[in-house]
Every structure is written in structure tokens, then in C-alpha cells.
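K.L.:
Residue numbers (numbering that gives the first Met the number 0): 0 to 513.
Sharing a structure below in C-alpha cells format, with a few things to ask.
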Amino acid sequence: MPNRPGIPGTKTWIMLLALAAARALTGQPAPQIQFPRPFAVVVDDLGWMHGGSQDPANGPYRIGFKRDMVAQDYLPMIQIGQAVGVRIQGVFVLGELDRENAVAKLPSATREGSKWDNTANVSPEQLRIMETVKAQSAFLEFGLHGVGHEYWENGRRRRAEWYNLQDKRPWTEAEIRAHLDMFRTIMAQYGLSKENGHSFPESFVPTAYSYFWNPSAKPYSLGKILREYGVRYANTAFSEIPQLHPPAQGSGGFDNGVLVLDRHNFGNEWWEPATLPRQPISAFDTDIIETHWVNLLATDDIFQASVNAKWIALLQAVQAEEGRYLAKNTEQLYSQWLYKRHCKVSEPEPGRVLIDARPMPQDAFDAGMVGPLVLKVRLPKGTHLSRATLDGQPIPSIQEVQGFAHLYLPAIPRGIAELRYGFGDHLPELTVINDGTYLVYARALSGTSARFKMRVYGEQAVAITTASRPSSVTCSNPRLSVREVRFNRESGMTTVVLQAHDIQGETGELILGF
Numbered sequence: 000m001p002n003r004p005g006i007p008g009t010k011t012w013i014m015l016l017a018l019a020a021a022r023a024l025t026g027q028p029a030p031q032i033q034f035p036r037p038f039a040v041v042v043d044d045l046g047w048m049h050g051g052s053q054d055p056a057n058g059p060y061r062i063g064f065k066r067d068m069v070a071q072d073y074l075p076m077i078q079i080g081q082a083v084g085v086r087i088q089g090v091f092v093l094g095e096l097d098r099e100n101a102v103a104k105l106p107s108a109t110r111e112g113s114k115w116d117n118t119a120n121v122s123p124e125q126l127r128i129m130e131t132v133k134a135q136s137a138f139l140e141f142g143l144h145g146v147g148h149e150y151w152e153n154g155r156r157r158r159a160e161w162y163n164l165q166d167k168r169p170w171t172e173a174e175i176r177a178h179l180d181m182f183r184t185i186m187a188q189y190g191l192s193k194e195n196g197h198s199f200p201e202s203f204v205p206t207a208y209s210y211f212w213n214p215s216a217k218p219y220s221l222g223k224i225l226r227e228y229g230v231r232y233a234n235t236a237f238s239e240i241p242q243l244h245p246p247a248q249g250s251g252g253f254d255n256g257v258l259v260l261d262r263h264n265f266g267n268e269w270w271e272p273a274t275l276p277r278q279p280i281s282a283f284d285t286d287i288i289e290t291h292w293v294n295l296l297a298t299d300d301i302f303q304a305s306v307n308a309k310w311i312a313l314l315q316a317v318q319a320e321e322g323r324y325l326a327k328n329t330e331q332l333y334s335q336w337l338y339k340r341h342c343k344v345s346e347p348e349p350g351r352v353l354i355d356a357r358p359m360p361q362d363a364f365d366a367g368m369v370g371p372l373v374l375k376v377r378l379p380k381g382t383h384l385s386r387a388t389l390d391g392q393p394i395p396s397i398q399e400v401q402g403f404a405h406l407y408l409p410a411i412p413r414g415i416a417e418l419r420y421g422f423g424d425h426l427p428e429l430t431v432i433n434d435g436t437y438l439v440y441a442r443a444l445s446g447t448s449a450r451f452k453m454r455v456y457g458e459q460a461v462a463i464t465t466a467s468r469p470s471s472v473t474c475s476n477p478r479l480s481v482r483e484v485r486f487n488r489e490s491g492m493t494t495v496v497l498q499a500h501d502i503q504g505e506t507g508e509l510i511l512g513f
């Protein structure tokens, strides 16, 4: 077993003394822990095979981009997510991906109703699109948006699929379930079924903000139905449903097990290609910002790299803010939102932090949404975060990015927890250095092994600080397979490449033996 972390060497002590002396001479304060707000971009309206609007002919608005859509159009989101280490939440409209004309059995999903015929769209390109989405689930989340985006009542288009915004009334529960069933049916045409080991989407964005907010569940609750299908997270614009008395704008709340957050648009319209938010980061008053597919697409391939670079620069600028950080995935974002809303973090003395989780509501625990907590601290020049313990136990994962150390703590139970941290010339040992989009829930040392409980999306390279090469690397979940193990003696790093089967991710223990 490698040496345990947390025992500084002579060089580290000299560095710490030098840092303290420099601060004393310059009056520079010690770095203070930050309790950052999470940040994420959600991309609406993926899945259309054609971009041009059919609004004048009682059809769907689509994406306002008059050309056919291909697998290559999904790459910008994947490339941007990979560049900044996030799994971008994409939400899909699946009607035009129907390969078996199944949607004809759901007349309210299209203007054609029972005469729906999607034969013209059935092609190898559909398969390439879904293979791309499956293969790149580490950086692009497959979320639920709708089947046809709108709702056709007796052949007349109404806004929108999940609630009648125009007439301010809900659709029937039977119709809501039928639309969810149809989404699942089209998923299965691409092998994304429970029988094949794939889960229904965990994330939902109602088309045109058509969320039926009704936690009382009379006559029904959209959240309760969504939760039955596997949805846990939703986001929408509460300003569009004032008659339903949703939570305050910029806020959020539970709807029968689904956590629904407000989101805002900051100036890039749904039909504008290659367009970023027009308002500055300081104006972003929600933790999720709204974008649409076409906002990330250039008008020609020769301009796409430049568009990607602008989005990457925006996200890196958010990451560089002391009070913000890029949520690695949707689960982490919603967990951090709960911590920020209900809990307090203080630093009574440098390197000693108190986390007060007593106000966390029971609903959050009951829904299983209290996950890892994220804190960040600016790194003094030339140092690493060398030690970090929560209630005396080393935390499982950190990341050093853009001059900050991000501390990924285990879930905090109701009560007060104590974090202690310090800087030095080395990284803490047997710690996951998380520059991917996965989650590390916990670390346990036992005898000659180290165990890391994780949730992994797609294929990811997991870097762990180790003094020697592990003699064995296994995973407790056979659907989370170990593809490759590499050890770099110079950096003291073992890299394990993991592959998750389920498009929505797999959870298991990564076990390193020494």
C-alpha cells in the first residue's frame, strides 16, 4: 500500500513557511474558501432532422435554421464540453427520428396526426446521429424535451406539448403518459431500452416552457408522472406560467420528487446561429442559462472552430469567477443548488472550514439529491492543494483548474461538518484528480486496497494519485468496465479508462489493489 497522504515533507514545510512570511510582509490575506454557485448551459431542440420552420402551415417551429441536420451538428456541443470538462445537458425532440411510423399512433404529436409518415426521414443518417449521441455521452447528456414539441388538438396546433399555455389548462394525464411512452418507444428503435440496459432520461425541459406546476397532484402532477418514468431534474422559465403560482423567479422547488429550477435567456434567440448570450456573466441570475441548438452552430463548417472557441472562452470565464464554477454534470449542478440555497459555509480560521447542513430539507434527502459538495480556493502561486480532510477523513477528489483548487467533498449529512485543507508542493495521495465529467461519491481504504464510489458517463479517463502501479484494478459493476490502466511513475499518477454502458451513466466502486 502506498504511503498515506497528509504528511508534509521538508520541502513542503519550507514552502508553507515561505508563503506565511510573504503574506506577513505584504499584508496579503490567506486564500479563503469559496462556496460557488454552479453553472450550466442547457441546449434545447436537438433531434430534428430538418431545421426549417413549418409555422405558416400549422407545423412545428423546429429550429429556425433552413437546412437538414446531420450527425456532425452534434459535434460542437461535444467538443465544447470536452474542452472545459462538462457534460452539456442536451434535450431532444424525437419525432423526426421515428423509424417505424410509431408516432402515427399519437395524433396529438404532429400536424399529420394518424396520417403521420416519416419514411422520407428514415436513413443511415438517423443511425449515425444516435450512435454519436450514445458514443459521446460523457460530454452530451441525452435529455427529454418532447415528441413533436407542440400539441395538436383535433388537428389544431397549440403551445405546447406538456401544458396548454394558450388556453391555460393542462392536457389530460392519459395524453401526458402517451407522449412519454412514445418518447420511450422511439428510444427503443435505437436500442436505448431497459431490456438493453439503458435508462430513461433523468433531465427534462418542457417545450416552450409548458410545465404544469401542480405539486398538489390534483388532478395530477407532471412531476409525479415524470418521476415514475425516471426523470429527476427539470428546468424551465417560471415567468411563462404565472397562473400556476410556481416558485419565485430565479428559484426552484420540488414537484413530487422532481427538482424544478428556473432558468433565463440572456439575449441569444432560439433561431440565431453562432450566437452567445449578449448580457455579461454578472447578469446571469440563474444557475442554468438557456440556449438552443442553432446558437452553437456556424452557418458554414469553416466558421465552426471559431464559434466553438467563443463558447469555450465564455465557459472558462465563468470558471475563473471566484463565486462560480462549471458543474460537471446535471446531478452535480442540482446538488450544489440545494447546498447553496439551504446551507452555510464559513472559515473561522485559515484552512478550517465549517459546513452547516442542518437547514437542508428532508425532501432533498428523500429524493436522493444531496450529493457531493463543491468548494473552491485560489491556489497560491507554485503550490498544490496538498491536503483536505472532512471530519478527519481525506476527501475523495479534487481538481486544479484556472488557478483554483476545486474540492469535491462527499455528501454532507444534516449537521455541521469540518473541512481542513492546506497547500504544499505535492498533490494528496490516493485522490482522484477529476478533469472529467464523472462524480466521485466516496473513498475508502481497507488493508491493501483503495475503493472509490463513482458515477461515470460514457468513456472517461480517471486519474488517481498513487505512489506505485496498482497490482489490480477492478470495478464492482460489470456494466462499468475497465478498458485500460496506465501508470506514470514520474507524475505518480495511475489512469484508469472506464466505459459506462447505460447512456445515462453507471455507478460502481473502482477498486485499486496494491
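Idealized CB from N, CA, C, for every residue including glycine.
How about residue 191 and residue 502: are their beta carbons less than 8 Å apart?
P.N.:
yes
K.L.:
State whether the region 85 to 97 contacts the region 40 to 49, with contact taken as three or more CB pairs (one from each stretch) at a distance under 8 Å.
P.N.:
yes
K.L.:
As a quick exercise: from 101, 106, 234, pick the residue whose alpha carbon is nearest that of residue 207.
P.N.:
234
K.L.:
Give, in chain order, every unbroken run of the beta strand (DSSP E) that is at least 3 residues long and sits entirely within the region 133 to 195.
P.N.:
139 to 145, 150 to 152, 155 to 157
K.L.:
Is the region 412 to 426 touching the region 354 to 374, taking contact as three or more C-beta pairs under 8 Å?
P.N.:
yes
K.L.:
Give me, in chain order, the residues of the same chain whose beta-carbon lies closer than 6 Å to that of residue 498; leave out the 5 immediate sequence neighbours on both sides.
P.N.:
458, 480, 482
K.L.:
Less than 8 Å between the beta carbons of residue 226 and residue 251, yes or no?
P.N.:
no
K.L.:
Taking 8 Å as the threshold (C-beta atoms), are residue 461 and residue 431 in contact?
P.N.:
With respect to residue 461, residue 431 sits close: the two C-beta atoms are nearer than 8 Å.
K.L.:
When we look at the beta-carbon of residue 493 and count the other beta-carbons within 10 Å, is it buried (16 or more) or exposed?
P.N.:
buried
K.L.:
Could you work out which residue in 370, 344, 366 is closest to residue 376 when comparing CA atoms only?
P.N.:
Measuring from the Cα of residue 376, the nearest candidate turns out to be 344.
K.L.:
How long is the line joining the alpha carbons of residue 263 and residue 292, rounded to whole angstroms?
P.N.:
Counting only the Cα atoms, residue 292 lies some 16 Å from residue 263.
K.L.:
Opposite residue 505 in the DSSP bridges: which residues?
P.N.:
455
K.L.:
Would residue 407 be called buried (16 or more neighbouring beta carbons within 10 Å of its own) or exposed?
P.N.:
buried
K.L.:
Entirely within the region 18 to 83 and at least 3 residues each: give me those beta strand (DSSP E) ranges in chain order.
P.N.:
36 to 45
K.L.:
Considering only residues of the same chain and omitting the five flanking positions on each side of residue 220, which have a CB-CB separation below 7 Å?
P.N.:
Correct list, in chain order: 213, 214, 254, 255.
K.L.:
Closer than 8 Å is the cut-off here; do at least three beta carbon pairs connect the region 390 to 399 with the region 428 to 446?
P.N.:
Enough Cβ pairs lie closer than 8 Å, so yes.
K.L.:
Identify which residue in 277, 37, 157 has its Cα closest to the Cα of residue 514.
P.N.:
Not covered by the structure: residue 514. The range shown for the chain is 0 to 513.
K.L.:
Express the C-alpha separation of residue 318 and residue 34 in angstroms, rounding to a whole number.
P.N.:
The alpha-carbon atoms of residue 34 and residue 318 are separated by roughly 13 Å.
K.L.:
Under a Cβ-count criterion, where at least 16 other Cβ atoms within 10 Å of its own Cβ denotes burial, should residue 117 be classed as buried or exposed?
P.N.:
buried
K.L.:
Going straight from the alpha carbon of residue 361 to that of residue 335, what length do you get?
P.N.:
16 Å
K.L.:
Within 10 Å of its beta-carbon, does residue 31 have 16 or more other beta-carbons around it, so buried, or fewer, so exposed?
P.N.:
By the neighbour-count rule (16 or more Cβ atoms within 10 Å), residue 31 is not buried but exposed.
K.L.:
Put residue 359 into one of helix, strand or coil per three-state DSSP.
P.N.:
coil
K.L.:
Among the residues of its own chain, which have a CB less than 7 Å from the CB of residue 491, if the five just before and after it don't count?
P.N.:
464, 465, 466
K.L.:
What would DSSP say about residue 284, mapped onto helix, strand or coil?
P.N.:
coil
K.L.:
Where does residue 367 land, buried or exposed, given buried means 16+ other C-beta within 10 angstroms?
P.N.:
The residue in question, residue 367, is exposed, as its Cβ has fewer than 16 Cβ neighbours within 10 Å.
K.L.:
Report yes if the C-beta distance between residue 78 and residue 433 is below 8 Å; otherwise report no.
P.N.:
no
K.L.:
Nearest by alpha-carbon distance to residue 326: which of 87, 53, 62 is it?
P.N.:
87
K.L.:
With contact counted as at least three CB pairs below 8 Å, one residue from each stretch, are the region 164 to 172 and the region 120 to 131 in contact?
P.N.:
no
K.L.:
When we look at the beta-carbon of residue 90 and count the other beta-carbons within 10 Å, is it buried (16 or more) or exposed?
P.N.:
buried
K.L.:
With a threshold of 16 other CB atoms inside 10 Å of the CB of residue 347, please say whether the residue is buried or exposed.
P.N.:
Looking at its Cβ environment, which holds fewer than 16 other Cβ atoms inside 10 Å, residue 347 is exposed.
K.L.:
Between residue 214 and chain C, is any beta-carbon pair separated by less than 8 Å?
P.N.:
The structure shown contains no chain C; it is built from a single protein chain.
K.L.:
Since I believe residue 147 is in contact with residue 130 (beta carbons under 8 Å), could you give me their beta-carbon distance rounded to a whole number of angstroms?
P.N.:
23 Å between Cβ atoms; not a contact.
K.L.:
On the CB-based measure, 16 or more other CB atoms within 10 Å of its CB, does residue 238 come out buried or exposed?
P.N.:
exposed
K.L.:
Are the CB atoms of residue 363 and residue 337 within a distance shorter than 8 Å?
P.N.:
yes
K.L.:
Alpha carbon to alpha carbon, how far is residue 371 from residue 100?
P.N.:
43 Å
K.L.:
Buried or exposed: residue 286, going by 16 or more other Cβ atoms within 10 Å of its Cβ?
P.N.:
buried
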